[in-house]
Amino acid sequence: MSDISTFYPTDEERRLSALHALDLLDSEPEKAFDALVGLAAQRFDCPVSLITLVDRDRQWIKAKVGIECTQTGRDVAFCDYAIRGDDAFVVTDAANDPRFADNPLVAGQVGIRFYAGAPIRVSDAYGTHAIGALCIVDTKPRTLCAAQIAALMHMASIAEALIAARGTALEAVSIAESAQRQSRVLRRQERVFGQAERLAKIGSWRLELASQTLDWSDGMYRIHELDRGARPDLTAALDFYPPRDRAIASDALARTIETGEAFDIELDFVTARGRRRRMRASGELEIEQGRPAAVAGVFQDISDSYHVERKLRRSASTDEVTQIANRAEFNRVLKAALRDARGGSPLVLLLIDLDDFKATNDTFGHLAGDDVLRAVGQRLNAPFLKDSFAARLGGDEFALLLTDPELVADAPAVIAQLLEQLGAPVELSEVLLPVSGTIGSASPGPSVDTFRELMHAADMALYAAKRARRGTAQPFASPTAMAV
């Protein structure tokens, strides 16, 4: 490959300075970044997803899924191209791209064929700098639509927010810890600390063990939406948490006092104005003259990032049309249910095909077809199917997992009731759209123990039901059982 130094951005030194100031290079793995690349891999169904940082002569990997290496030379890094533009950098087939065909990551054992990376930027006094990229990689050629490229850019924006929050939080925590040890430093830096608290949505606290006196910084009052004059005691402070989280907080505090072990937990709590928020709380023991004197720590309101992460996870596991689980989530849940079944938990798998669904699309249009799919999704969540797990596998194929002991024990009656509900027409404006489903069912057994075997058994039962008469159901009968 050619010498990439001729292509370095004109502000390369400032870019490197901004990168090194973050103290991210060669840092330990962090849950938020690992979660983001995991979600990116799920969202785009790619085997490899990375968050990279492009140093002077190397590319270092901050978070990764599907790959073991931690760094590469910058001269072979695809992400070095991604940081040079404002938009996502996409290579649909690297083997046929003259820029990358001879790249050892393409021609060698790794065998990269597809790459898409969105630049991650940070700002300092000199401007905005691209320090790395959030990217997805595959060993086969692929393309991305405009919506997928936009989603990748949005995920890179989340990475930028995580980096910014990380830097601000580290700075704020450092200030808070220093302030707790040195009251004179606290007075000199009080204004800076308050600004950092507001920016990072954090607050510091200290519990004096002898007197049980609780001291809060301004940030704590702001987070709890309390007037500065209110001075809650420990019991009143814990009352902000729902019962389950209150017990978690109390146990963590007691364990720190007893063992000296610091805690770092996430909790739900409700502000004085009744708003539900998500909080990260950390605390550590202060020792004076060999005895526990206080517990001090930091709170951070992480509601925004928490909800973004949950939304991303839901998006990655939910079918867009029906708003029930998608195929990937179904695979995960069925594998877990099979593990439970090996320990004796009940399980019946239902595979459901809608009958003549193509005719509905052809006659009434795809929007009407989507209405039918949504109606089926709702029927698979009917109250009589309590605690059952419904998923759309694709097209007109659905699945339902029965795990409730009563439902499993009475599976034939449950399936009959479900067939009746599936056969009810779907009302669209003044038109009744016909709909019905055919069901094949199977349960784990001596010859049906794995994911593949259970799916195959239910599929065989479904095929038998279709062959007999559409709109009916058949349970799987093993060859052994039929022979008997």
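The sequence shown: position 454 = 454 (the UniProt record's numbering), numbered continuously. We put the CB at the ideal spot given by N, CA and C, even for glycine.
Query	Result
If distances are taken between C-alpha atoms only, which option among R15, D138, V76, L36 comes closest to P47?	D138
Where does the unbroken alpha helix (DSSP H) through I415 begin, and where does it stop?	411-422
Give the single residue among G423, D404, L36 whose Cα lies nearest to the Cα of S157.	L36
Can you find the residues in the same chain that come closer than 7 Å, C-beta to C-beta, to P232, ignoring five residues on each side of it along the sequence?	L214
For L207, collect the residues of the same chain with a Cβ closer than 7 Å to its Cβ; drop the 5 residues on either side in sequence, then sort them by chain order.	L214, L234, A294, V295
If contacts are defined as beta-carbon pairs under 8 Å, then C135 and T52 qualify, I think. What distance do you get, rounded to the angstrom?	7 Å
In terms of residues, what are the limits of the alpha helix (DSSP H) holding Y81?	79-82
Use the C-beta contact count for S447: other C-beta atoms within 10 angstroms, 16 or more gives buried, fewer gives exposed.	exposed
Compare the C-alpha of S204 against each of R276, R14, G297 and name the closest.	G297
If you draw a straight line from the C-alpha of A88 to the C-alpha of D396, how long is it?	34 Å
Under a three-way DSSP split, which group does L186 fall into?	Low confidence applies to L186: its pLDDT is 49, below 50, so where it sits in the model is not reliable, and the reading given next is rough at best. Looking at L186 - three-state DSSP - the assignment turns out to be helix.
Take residue 541 as the anchor and find which of E261, A477, Q300, G229 has the nearest alpha-carbon.	As shown, the chain starts at 1 and ends at 484. That puts residue 541 outside it, with no answer to give.
Starting from the C-beta of E225, find all residues in its chain whose C-beta is less than 6 Å away, skip the five residues before and the five after it, and write them out in chain order.	T271, A272, R273
Just verifying my parser: in three-state terms, what is the DSSP assignment at V321?	coil
Can you check which of these residues, L433, G445, R467, is closest to F364 by C-alpha distance?	L433
Within 10 angstroms of its Cβ, does G219 collect 16 or more other Cβ (buried), or is it exposed?	buried
Pull up the distance between the alpha-carbon of R113 and that of S49, whole angstroms please.	14 Å
Compare the beta carbon distance of residue 487 and A465 with 8 Å and say whether it is the shorter of the two.	Nothing can be reported for residue 487, as the shown portion of the chain is limited to 1 through 484.
Taking C-alpha atoms, which residue in L400, V110, P425, T472 lies nearest to S443?	L400
Please report the straight-line C-alpha distance between I131 and L39, rounded to a whole angstrom.	21 Å
Could you work out which residue in A133, E258, A107, L428 is closest to A116 when comparing CA atoms only?	A133
So, helix, strand or coil for R342, using DSSP?	helix
Using the rule of at least 16 other Cβ atoms within 10 Å of the residue's Cβ for burial, across every protein chain shown, is L367 buried or exposed?	exposed
Quick check on this structure: which residue in K358, T403, T143, E329 has the alpha carbon closest to the alpha carbon of V90?	T143
Any beta carbon from chain D within less than 8 Å of G66's own beta carbon?	Here there is only one protein chain, and chain D is not present.
Grab the span of the beta strand (DSSP E) containing Q71 for me, first residue to last.	71-73
To the nearest angstrom, how far is it from the Cα of Q417 to the Cα of E160?	51 Å
Using the C-alpha atoms, what's the distance from L385 back to N331?	20 Å
State the Cα-Cα distance for the pair F193 and L407, rounded to the nearest angstrom.	Because F193 sits at a pLDDT of 49, beneath the cut-off of 50, its placement in the model cannot be relied upon, and the following sentence gives the value as read from the coordinates. Looking at the two C-alpha atoms, the distance is approximately 58 Å.
When the distance is taken between beta carbons, is T322 closer than 8 Å to R379?	no
Can you give me the C-alpha to C-alpha distance between L186 and A249, rounded to a whole angstrom?	With a pLDDT of only 49 at L186, under 50, the local geometry of the prediction cannot be trusted, and no value is derived from it.
Using three-state DSSP, classify F193 as helix, strand or coil.	Only weak support exists for where F193 lies, its pLDDT of 49 falling under 50; the value from the coordinates is given anyway. In this structure, F193 counts as helix in the three-state DSSP scheme.
What separation, rounded to the nearest whole angstrom, lies between the Cα atoms of A337 and L347?	7 Å
In whole angstroms, give me the CA-to-CA distance for E427 and V376.	12 Å
Kindly indicate which three-state DSSP category G167 falls into: helix, strand or coil?	helix
Leaving out the 5 sequence neighbours to the left and right, which residues in its chain are closer than 6 Å to A18 when beta-carbon positions are compared?	V122, D124, H129
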